[in-house]
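Written below as structure tokens is the structure these notes are about.
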DNA sequence: ATAATCTTTCAGAAAATTTTGAAAGTTCAG
DNA sequence: CTGAACTTTCAAAATTTTCTGAAAGATTAT
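Chains as they are written, first to last, in the numbering used here: chain G, 1 to 168; chain X, 1 to 168.
Shown next, in the form of structure tokens:
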């Protein structure tokens, strides 16, 4: 298989995975393209490679920068802007997890915590069960959150070398 | 706040969260409805509560059963089918994680492993960097996967009580 | 200042996803 | 067997999301 062919396949696959997880396909594809591009790419290069419009490119590159996994690079003597992706996958993954938690999970959890303040008029049992379900979700989210924060602190060696042995 | 109002809010929030994570809004809402319903619900009850069609209800309930987080319940002497959600959030979360891994992540990883077999024609450096990126992704996926398998084995107490202390 | 080059915005168009509802299918009591 | 009660399917419609491209906005060289 040729390198360019493999890159193309990688980009397509990354796009599919992104879509399934609620990420814009183009955003995922641009990220993939930058991940496998040794040198920073300009907007026009991204447009050409992925066959997408300037507007689409611009918006999704900005989004990737907002997420903190792509950076703008300026070359001296060139008016164009270039973009480069962080190649450290562990760092990228942690960043994505943290961002999704902050943007998508936390607002929901805040909303949930409002819901436990219920008039006890209705049958005790129903209210109790509802509050219990919400509480379980909060508890799980809290544990997962702490787990993730823990992960961020671990380095790769720690993770594979130690944690996995603890739990057999 | 009234109980029914709180349930409604919960359902809406769950739908939003689902959407953001690539889950059909209705599927998430049905799941939420069943989570906060003490007794099993019939198709008609779900349709009425969420104001959705029979077809939509049927398809999404089936999907939830495929995921293993909702079960069909038959009441003796009743032709209707009823549905109930597993209320153990930890179990549900583990199930969802395992299913998404199996359905969405693993196929991509399989595809990725095909991509490392590249003609070394092109400049060594480019090929090397590409293979390195793919390898990093595989490695991360592998670690995460093992981490999740580990999680599934932990019970809640273990998780909060021990793991979090290990990592301060 | 102004022209050239590049970036950003966003309304409308296109594409993808979701939903409906009616017809077909199934099951079971009588 | 027949029909009532319920479930399933899926083509077409509705909705949501994404994308385009041209105009407006920046920025810099001359």
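Built from N, CA and C at the ideal position, the CB exists for glycine as well.
- In the DSSP assignment, residue 92(G) falls within the unbroken alpha helix (DSSP H) covering 89-100.
- The beta carbon of residue 86(X) lies closer than 6 Å to those of 69, 92 in the same chain, with the five residues before and after it left out.
- Here the alpha carbon of residue 81(X) sits roughly 8 Å from the alpha carbon of residue 75(X).
- Listed by position along chain X, the residues whose Cβ is nearer than 9 Å to that of residue 104(G) are 16, 17, 20, 21.
- Residues of the region 77-96 of chain X whose Cβ lies closer than 7 Å to any Cβ of chain G, in chain order: 87, 89, 90, 93.
- Below the 9 Å Cβ cutoff, chain G contributes 111, 112, 114, 115 as neighbours of residue 9(X), in chain order.
- About 7 Å separates the Cβ atoms of residue 138(G) and residue 113(G), confirming a contact at the 8 Å cut-off.
- Spanning the alpha carbons of residue 62(X) and residue 41(G) requires a straight line of approximately 45 Å.
- For the 8 Å CB-CB criterion, residue 10(X) and residue 118(G) do not form a contact.
- Here residue 33(X) is near residue 49(X), since their CB atoms are less than 8 Å apart.
- Looking at the DSSP output, residue 74(G) shares a beta bridge with 81(G).
- When C-alpha distances from residue 95(G) are compared across 106(G), 66(G), 115(G), 109(G), the shortest belongs to 66(G).
- The shortest CA-to-CA distance from residue 143(X) to any of 6(G), 44(G), 16(G), 89(G) is the one to 89(G).
- Listed along chain G are 108, 111, 112, each with a C-beta nearer than 7 Å to that of residue 13(X).
- Shown here for residue 140(G): not one same chain residue has a beta carbon closer than 6 Å to its own, the five before and five after excluded.
- Around residue 101(X), the same chain offers 145, 148 as residues with beta carbons nearer than 8 Å, after the five sequence neighbours per side are excluded.
- Along the region 113-147 of chain G, the alpha helix (DSSP H) does not occur as any fully enclosed run of 4 or more residues.
- Where residue 7(G) is concerned, the enclosing alpha helix (DSSP H) starts and stops at 3-20.
- With a 10 Å radius around the Cβ and a threshold of 16 neighbouring Cβ atoms, residue 60(X) comes out buried.
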